[in-house]
Amino acid sequence: PDLLVKRLSEKATLPTRGSPLSAGYDLYSAERKVIPAHGKALIDTQISIAVPVGTYGRVAPRSGLASKFMIDTGAGVIDADYRGVVFVLLFNLSDKDFQVEEGDRVAQLILEKIHTAEVLEVQDLDETIRGAGGFGSTG
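So the sequence shown is numbered by the numbering used here: it starts at 359 and just counts up by one.
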(Lines of atoms letter the chains of each structure in order from A and count residues from 1; the text may use other names and numbers.)
(Lines give C-alpha, C1' and ligand atoms only; values in the text may rest on other atoms or scores of the structure.)
Protein backbone atom coordinates (compact mmCIF):
# COMPACT_ATOMS: atom_id res chain seq x y z
CA PRO A 1 0.00 0.00 0.00
CA ASP A 2 1.12 3.50 -0.78
CA LEU A 3 1.37 6.64 1.32
CA LEU A 4 -0.84 9.14 -0.51
CA VAL A 5 0.24 12.79 -0.27
CA LYS A 6 -1.55 15.93 -1.46
CA ARG A 7 0.38 19.20 -1.77
CA LEU A 8 -1.77 22.08 -0.54
CA SER A 9 0.50 24.83 -1.89
CA GLU A 10 3.65 25.34 -3.93
CA LYS A 11 5.56 25.68 -0.65
CA ALA A 12 4.88 22.03 0.20
CA THR A 13 7.60 19.40 -0.18
CA LEU A 14 6.74 15.73 -0.56
CA PRO A 15 8.06 13.52 2.26
CA THR A 16 11.34 11.79 1.47
CA ARG A 17 13.43 8.99 2.94
CA GLY A 18 17.11 9.54 3.61
CA SER A 19 18.03 6.04 2.45
CA PRO A 20 16.22 2.97 1.11
CA LEU A 21 16.12 1.41 4.59
CA SER A 22 15.13 4.54 6.54
CA ALA A 23 12.15 3.88 8.80
CA GLY A 24 10.80 7.41 8.53
CA TYR A 25 9.84 9.87 5.83
CA ASP A 26 11.23 13.36 6.41
CA LEU A 27 8.58 16.06 6.83
CA TYR A 28 9.41 19.56 5.59
CA SER A 29 8.40 22.99 6.84
CA ALA A 30 6.39 25.11 4.41
CA GLU A 31 7.04 28.28 6.42
CA ARG A 32 9.61 30.31 8.33
CA LYS A 33 8.99 30.36 12.05
CA VAL A 34 10.91 31.00 15.26
CA ILE A 35 10.54 28.56 18.12
CA PRO A 36 11.34 30.54 21.25
CA ALA A 37 13.76 29.20 23.84
CA HIS A 38 11.88 26.81 26.14
CA GLY A 39 8.83 27.31 23.92
CA LYS A 40 6.87 25.52 21.25
CA ALA A 41 5.42 26.15 17.80
CA LEU A 42 3.20 24.43 15.27
CA ILE A 43 4.99 24.05 11.94
CA ASP A 44 2.84 23.89 8.80
CA THR A 45 3.89 21.31 6.19
CA GLN A 46 1.17 22.26 3.68
CA ILE A 47 0.52 18.59 2.92
CA SER A 48 -2.33 16.25 3.74
CA ILE A 49 -1.91 12.49 3.68
CA ALA A 50 -3.74 9.18 3.58
CA VAL A 51 -1.82 6.41 5.31
CA PRO A 52 -2.37 2.77 4.29
CA VAL A 53 -5.28 0.94 5.94
CA GLY A 54 -4.10 -0.88 9.06
CA THR A 55 -1.48 1.77 9.86
CA TYR A 56 -1.23 5.18 11.46
CA GLY A 57 1.39 7.85 11.02
CA ARG A 58 3.61 8.67 13.99
CA VAL A 59 5.39 12.02 13.83
CA ALA A 60 8.77 11.47 15.46
CA PRO A 61 11.79 13.68 16.16
CA ARG A 62 14.71 13.90 13.77
CA SER A 63 17.75 12.72 15.70
CA GLY A 64 19.96 15.54 14.38
CA LEU A 65 17.59 18.27 15.57
CA ALA A 66 17.28 16.59 18.95
CA SER A 67 20.99 16.02 19.51
CA LYS A 68 22.35 19.27 18.05
CA PHE A 69 19.63 21.79 18.94
CA MET A 70 17.42 20.15 21.61
CA ILE A 71 14.35 20.26 19.37
CA ASP A 72 11.70 17.61 20.11
CA THR A 73 8.28 16.76 18.68
CA GLY A 74 4.94 16.23 20.38
CA ALA A 75 1.34 15.16 19.72
CA GLY A 76 2.39 12.99 16.82
CA VAL A 77 -0.43 10.63 15.83
CA ILE A 78 -2.04 10.83 12.39
CA ASP A 79 -5.03 8.51 12.15
CA ALA A 80 -5.84 6.65 8.93
CA ASP A 81 -9.04 8.67 8.44
CA TYR A 82 -7.48 12.13 9.01
CA ARG A 83 -7.33 14.24 5.85
CA GLY A 84 -6.44 17.69 7.22
CA VAL A 85 -3.18 19.60 7.05
CA VAL A 86 -0.23 17.85 8.68
CA PHE A 87 1.25 20.10 11.34
CA VAL A 88 4.35 19.31 13.39
CA LEU A 89 4.46 20.43 17.02
CA LEU A 90 8.05 21.30 17.90
CA PHE A 91 9.39 21.96 21.39
CA ASN A 92 12.58 23.96 21.88
CA LEU A 93 14.22 22.66 25.05
CA SER A 94 17.28 24.89 24.66
CA ASP A 95 18.15 28.33 26.01
CA LYS A 96 18.25 29.85 22.49
CA ASP A 97 15.53 30.67 19.97
CA PHE A 98 15.50 28.25 17.03
CA GLN A 99 14.82 29.43 13.48
CA VAL A 100 12.89 27.10 11.17
CA GLU A 101 13.27 27.94 7.48
CA GLU A 102 10.93 27.06 4.65
CA GLY A 103 12.11 23.71 3.28
CA ASP A 104 13.78 22.54 6.51
CA ARG A 105 13.28 18.92 7.53
CA VAL A 106 11.51 19.25 10.87
CA ALA A 107 10.37 15.73 11.80
CA GLN A 108 9.90 12.26 10.40
CA LEU A 109 6.74 10.34 9.67
CA ILE A 110 6.85 6.66 10.59
CA LEU A 111 4.08 4.34 9.42
CA GLU A 112 3.22 1.85 12.15
CA LYS A 113 0.87 -1.12 12.02
CA ILE A 114 -2.01 -0.90 14.44
CA HIS A 115 -4.38 -3.44 15.93
CA THR A 116 -7.76 -2.16 17.00
CA ALA A 117 -9.96 -4.16 19.36
CA GLU A 118 -13.41 -3.82 20.82
CA VAL A 119 -13.57 -2.57 24.42
CA LEU A 120 -15.07 -5.19 26.73
CA GLU A 121 -15.76 -4.37 30.36
CA VAL A 122 -14.90 -7.19 32.79
CA GLN A 123 -15.10 -7.65 36.54
CA ASP A 124 -11.60 -9.12 36.92
CA LEU A 125 -8.38 -9.45 34.92
CA ASP A 126 -6.04 -12.45 34.77
CA GLU A 127 -3.29 -12.40 37.39
CA THR A 128 0.30 -11.97 36.16
CA ILE A 129 3.72 -12.18 37.77
CA ARG A 130 4.17 -8.43 37.32
CA GLY A 131 0.76 -7.49 38.65
CA ALA A 132 0.25 -3.75 39.18
CA GLY A 133 3.96 -2.86 39.34
CA GLY A 134 4.96 0.01 37.10
CA PHE A 135 7.42 2.88 36.70
CA GLY A 136 10.61 0.90 37.12
CA SER A 137 9.21 -1.94 39.21
CA THR A 138 10.82 -4.61 37.00
CA GLY A 139 14.32 -3.28 37.45
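Yeah, the Cβ is synthetic: ideal placement off N, Cα and C, and Gly gets one too.
Small disclaimer: the values here were computed from a predicted structure and weren't measured.
Between L448 and I429, the CB-CB gap stays under 7 Å. Annotated as proximal: V446 and V464, with beta-carbon spacing under 7 Å.
A straight line joining the alpha-carbon of D439 with that of A381 spans about 22 Å. Of the candidates Y386, V443, G442, the residue whose Cα lies closest to the Cα of L423 is Y386.
Separation of G415 and V409 (C-alpha to C-alpha, rounded to the nearest whole angstrom) is 7 Å. Burial state of Q481 is exposed, judged by a 10 Å Cβ sphere holding fewer than 16 other Cβ atoms. Out of L372, G432, D462, the CA that lies nearest to the CA of N450 is found in G432. The alpha-carbon of D360 is positioned some 10 Å away from that of I407.
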